[in-house]
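Undergrad: After the structure tokens below, expect a handful of questions from me.
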Amino acid sequence: MLRRCAPYRPRRAAAASPRLPIPGGHPLPRLLRAFPALERLDLSACASLDDASLAAALAGADLGTVRQVCLARASGVGWRGLEALVAACPRLEAVDLSHCVGAGDREAAALAAASGLRELNLEKCLGVTDMGLAKVAVGCPRLENLSFKWCREISDIGVDLLVKKCRELRSLDISYLKVSNESLRSISTLEKLEELAMVACSCIDDEGLELLSRGSNSLQSVDVSRCDHVTSQGLASLIDGHSFLQKLYAADSLHEIGQDFLSKLVTLKATLTVLRLDGFEVSSSLLSAIGEGCSNLVEIGLSKCNGVTDEGISSLVACCSYLRTIDLTCCNLVTNNSLDSIADNCKMLECLRLESCSSINEKGLERIASCCPNLKEIDLTDCGVNDEALHHLAKCSELLILKLGLSSSISDKGLGFISSKCGKLVELDLYRCSSITDDGLAALANGCKKIKLLNLCYCNKITDSGLSHLGALEELTNLELRCLVRITGIGISSVVIGCKSLVELDLKRCYSVDDSGLWALARYALNLRQLTISYCQVTGLGLCHLLSSLRCLQDVKMVHLSWVSIEGFEMALRAACGRLKKLKILSGLKTVLSPDLLQLLQACGCRIRWVNKPLVYKDAI
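Structure, rendered in structure tokens:
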């Protein structure tokens, strides 16, 4: 995508900007020449992009104004392409290389030549080590925002050098690294640091948080979720050293809230706006104390917290009228009384997550819909809601995300209510809503044209006729059709002919989908990146044609393709070598596929997941 936008600003403050999608097979050089004043270049949709094509496109373009480049998931781009990019964009300030799993130290070194870089995202660049980080630290001393989440080869040594060289850092994400408290000792000296994420850093404990609290940083947001060795005492010391903390994420890090933590938490009354305590053991008195002490909260996370009751929620929301996001996932003790309290007190509510809260019903949801007109997201998965509940929710015309999975009582009538009033909807989850039929999809396609993500797994009454309506959803990117046993290649053709933006498609256990469906995908689904066709009745010829045609395809799951021979697998996988990054396949093929093919796939950066599953055909139940 090409974007004209304002000069560099930190990611959290960036404004939305116009987008020009670049489809598969795009004339990139011509597009770059057509936008001489370009400031942002987004190539994340170009999964087939490689070093040669990128360098060729850049060679004839004037990119002197480009400040930001996004190459997320563009796994074909390596150090040569990045060198060409840096040379062509002298004013480069932000690069997103996230999820380019093959990127390593040479790619990091290429980016280090962009001395003006302020924002760099290396999330899941699995080959980056301390050496690559050192190159970036030395070459890009003006860095302000940096993420190397999941770069597990980076150690305390790399973090220490980064801190010494990049003193302007304001946002840092070291999540899922094997770093220790020594990294926090170094990080604590970053005077301008405002945001720090260290999710699942299992070697960090209370001592590290104490070191952080005694530092000279300006932390406003800290994420210690899933840090197993952190206790209430550590969180208390963290707060003690950061009196202006605005956001604290401590999900699944400890089970009980100690009095020391609670006493410090209430000192943040003037500043704290986000608090996530997912997985904690709580009580009504505790929630009351949080409400009284943190009355400026706009987001509270209580997912899977034991002890959440109507009394506790009532006490909390009575003091926190600014709440916009409330997560009560799996808090199965809450009833309509909690929804009444939320409706009475939280008029600005935008997001309400109630998955597996089975004691609520349409009466409570009527109050929410009537009193919270700005509601944009609601999760009612496994709540047993019915059509009447959807009739009430249809009043929420600003709704963007609606999750209704495991709601067998919902029918086409209820879906019609939503479709007629919620035209802004972009995500709809109907997983195992078994009463939905083709008529419901007709209403949906007519009223909700902006849908991007749609889950219809196990909606076993849907046929090709229903899929023909989905072709009208031109913005659809993710479609899950698992175990729709009545659909065939005809229905798949109807979808992909109309849905040119499709990126992910799940056809697992669609037993009647055959080669005709694959031929349609090969011809029309040019932007497809992820595909699941396990248990489909396809042949080696169809599979080979598919994998040789889809230049953007990176992730394929193809377990139990009983009609595909060994030779068929060989030809298909050779046709996709160099593009596939993830492959899920039966472990029995490991000994019969040629060793040179497997070596070639791995050399090209493809991670193979071998699975040993018996061949069992399931009905859509």
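Counting in my numbering, the sequence shown runs from 1 upward without gaps.
Each residue gets a CB set at the ideal place from its N, CA and C atoms; glycine is no exception.
1) Can you tell me whether DSSP reads I204 as helix, strand or coil?
2) Closest to V282 by CA distance: which of E570, A289 and V308 is it?
3) Start and end of the alpha helix (DSSP H) containing V163?
4) Quick check on DSSP: helix, strand or coil for N306?
5) Alpha helix (DSSP H) containing Q68: first to last residue?
6) By DSSP, does Q530 sit in helix, in strand, or in coil?
7) N633 by DSSP, collapsed to three states: which one?
8) Of all the CB atoms in chain C, is at least one closer than 8 Å to the CB of G76?
9) Indicate whether I410 and L428 have their beta-carbon atoms separated by less than 8 Å.
10) What did DSSP end up calling I462 once you bin it into helix, strand or coil?
11) Three-state secondary structure (DSSP) at R106?
12) Give the DSSP-derived three-state secondary structure of K247 in the structure shown.
13) List the whole-angstrom C-beta distance separating T189 from S216, where the pair is believed to meet the contact cut-off of C-beta under 8 Å.
14) Can you give me the Cβ contacts of D305 inside the same chain, cut-off strictly under 6 Å, excluding the 5 residues immediately before and after it?
15) Quick check: V503 and L470, are their CB atoms within less than 8 Å of each other?
16) Unbroken alpha helix (DSSP H) runs of length 4 or more, entirely within the segment 260-335: which are they?
17) Would DSSP call R523 helix, strand or coil?
18) For the alpha helix (DSSP H) containing W79, name the first residue and the last one.
19) DSSP three-state label for K582, please.
20) Compute the Euclidean distance between the alpha carbons of L441 and T591, then round it to the nearest angstrom.
21) Can we say the segment 206-214 touches the segment 255-267, given the rule of at least three CB pairs closer than 8 Å?
22) Please tell me whether S243 and R226 are closer than 8 Å, where the distance is taken between their beta carbons.
23) Assuming A575 contacts S548 (C-beta within less than 8 Å), just tell me the rounded distance between them.
24) Buried or exposed for E153, going by 16 or more other Cβ atoms inside 10 Å?
25) Between the segment 409-426 and the segment 389-401, can you find at least three pairs of beta-carbon atoms closer than 8 Å?
26) Between the C-alpha atoms of I360 and S420, what's the straight-line distance to the nearest angstrom?
27) So, is L272 buried or exposed, given that buried needs 16 or more other C-beta atoms within 10 angstroms?
28) Return the chain-ordered list of same chain residues with a C-beta closer than 8 Å to the C-beta of G605, the five sequence neighbours on each side being excluded.
29) Using only alpha-carbon positions, find the residue among G301, N386, K135 and E119 that is nearest to E107.
30) Exposed or buried, E350, counting other C-beta atoms within 10 Å across all chains shown (16 or more means buried)?
31) So which of R170, A200, S284 and I187 has the shortest CA-CA distance to L177?
32) Looking only at its chain, what residues have a beta carbon closer than 6 Å to the beta carbon of R607, apart from the 5 residues adjacent to it on each side?
33) Put T591 into one of helix, strand or coil per three-state DSSP.
34) Taking Cβ positions, are D206 and V230 nearer each other than 8 Å?
35) Quick one: what does DSSP say V224 is sitting in, helix, strand or coil?
36) Taking Cβ positions, are L146 and L111 nearer each other than 8 Å?
TA: Straight from the coordinates:
1) Here the question's residue 204 lines up with position 204 in the sequence shown. Of the three classes helix, strand and coil, the one that applies to I204 here is coil, per DSSP.
2) Indexing the sequence shown from 1 puts residue 282 at position 282. Out of E570, A289 and V308, V308 has the C-alpha closest to the C-alpha of V282.
3) Reading the sequence shown from its first residue, position 163 is the one you call residue 163. Residues D156 to K165.
4) Translated into positions along the sequence shown, residue 306 becomes position 306. Here N306 sits in strand by DSSP.
5) Residue mapping note: residue 68 aligns to position 68 of the sequence shown, counting from 1. Run containing Q68: none in the alpha helix (DSSP H); it sits in the beta strand (DSSP E), Q68 to C70.
6) Translated into the one-based positions of the sequence shown, residue 530 becomes position 530. In this structure, Q530 counts as strand in the three-state DSSP scheme.
7) The question about residue 633 has no answer here: the residues shown for the chain are numbered 1 through 621.
8) Among the chains of the structure shown, chain C does not appear; only one protein chain is present.
9) As a working note, residue 410 is residue 410 in the sequence shown. As a working note, residue 428 is residue 428 in the sequence shown. No, the pair does not count as a contact, with Cβ atoms beyond the cut-off.
10) Here the question's residue 462 lines up with position 462 in the sequence shown. Correct three-state label for I462: coil.
11) Along the sequence shown, read from residue 1 onward, the residue named residue 106 stands at position 106. Helix at R106.
12) The residue labelled residue 247 in the question sits at position 247 within the sequence shown. Looking at K247 - three-state DSSP - the assignment turns out to be strand.
13) To locate residue 189, count along the sequence shown from 1; it is residue 189. To locate residue 216, count along the sequence shown from 1; it is residue 216. About 6 Å separates the two Cβ atoms, so the contact holds.
14) Stepping through the sequence shown from its first residue, residue 305 is reached at position 305. One detail in the question is off: residue 305 reads as Cys in this sequence, not Asp. Same-chain partners within the cutoff: F280 and V282.
15) The residue you call residue 503 lines up with position 503 of the sequence shown. The residue you call residue 470 lines up with position 470 of the sequence shown. Cβ atoms of V503 and L470: not closer than 8 Å.
16) 284-293 and 310-319
17) Translated into positions along the sequence shown, residue 523 becomes position 523. Of the three classes helix, strand and coil, the one that applies to R523 here is helix, per DSSP.
18) Within the sequence shown, numbered from 1, the residue matching residue 79 stands at position 79. Residues W79 to A88.
19) Translated into the one-based positions of the sequence shown, residue 582 becomes position 582. The answer is strand: DSSP assigns K582 an E or B state.
20) Taking the first residue of the sequence shown as position 1, residue 441 is located at position 441. Taking the first residue of the sequence shown as position 1, residue 591 is located at position 591. Roughly 44 Å separates the two Cα atoms.
21) no
22) Stepping through the sequence shown from its first residue, residue 243 is reached at position 243. Stepping through the sequence shown from its first residue, residue 226 is reached at position 226. It is not a contact, given that the beta carbons lie outside the stated cut-off.
23) For this step, residue 575 is matched to residue 575 along the sequence shown. For this step, residue 548 is matched to residue 548 along the sequence shown. Contact holds; Cβ gap of about 4 Å.
24) The residue given as residue 153 occupies position 153 in the sequence shown. By the neighbour-count rule (16 or more Cβ atoms within 10 Å), E153 is buried.
25) yes
26) Walking along the sequence shown from the start, residue 360 turns up at place 360. Walking along the sequence shown from the start, residue 420 turns up at place 420. Spanning the two alpha carbons is a distance of roughly 24 Å.
27) As a first step, residue 272 must be located in the sequence shown, where it is residue number 272. L272 should be labelled buried.
28) As a position in the sequence shown, residue 605 is number 605, starting the count at 1. Counting only Cβ-Cβ distances below 8 Å, and skipping sequence neighbours, we find S75, V101, G102 and K581.
29) The residue labelled residue 107 in the question sits at position 107 within the sequence shown. That would be K135, whose Cα lies nearest to the Cα of E107.
30) Counting from one through the sequence shown, the residue named residue 350 turns up at place 350. The residue is buried, with at least 16 neighbouring Cβ atoms inside 10 Å.
31) Position 177 of the sequence shown, counted from the start, is the residue given in the question as residue 177. Nearest of R170, A200, S284 and I187 to L177, Cα basis: A200.
32) As a working mapping, residue 607 is identified with position 607 in the sequence shown. Once the five neighbours on either side are set aside, the close Cβ partners of R607 are K582.
33) As a working mapping, residue 591 is identified with position 591 in the sequence shown. T591: helix per DSSP, three-state reduction.
34) For the purposes of this step, residue 206 is identified with residue 206 of the sequence shown, where counting begins at 1. For the purposes of this step, residue 230 is identified with residue 230 of the sequence shown, where counting begins at 1. Yes, Cβ-Cβ distance for D206 and V230 is below 8 Å.
35) As a working note, residue 224 is residue 224 in the sequence shown. If DSSP states are grouped into helix, strand and coil, V224 belongs with coil.
36) Start at 1 with the first residue of the sequence shown, and residue 146 comes out as number 146. Start at 1 with the first residue of the sequence shown, and residue 111 comes out as number 111. Not in contact: L146 and L111 (Cβ atoms no closer than 8 Å).
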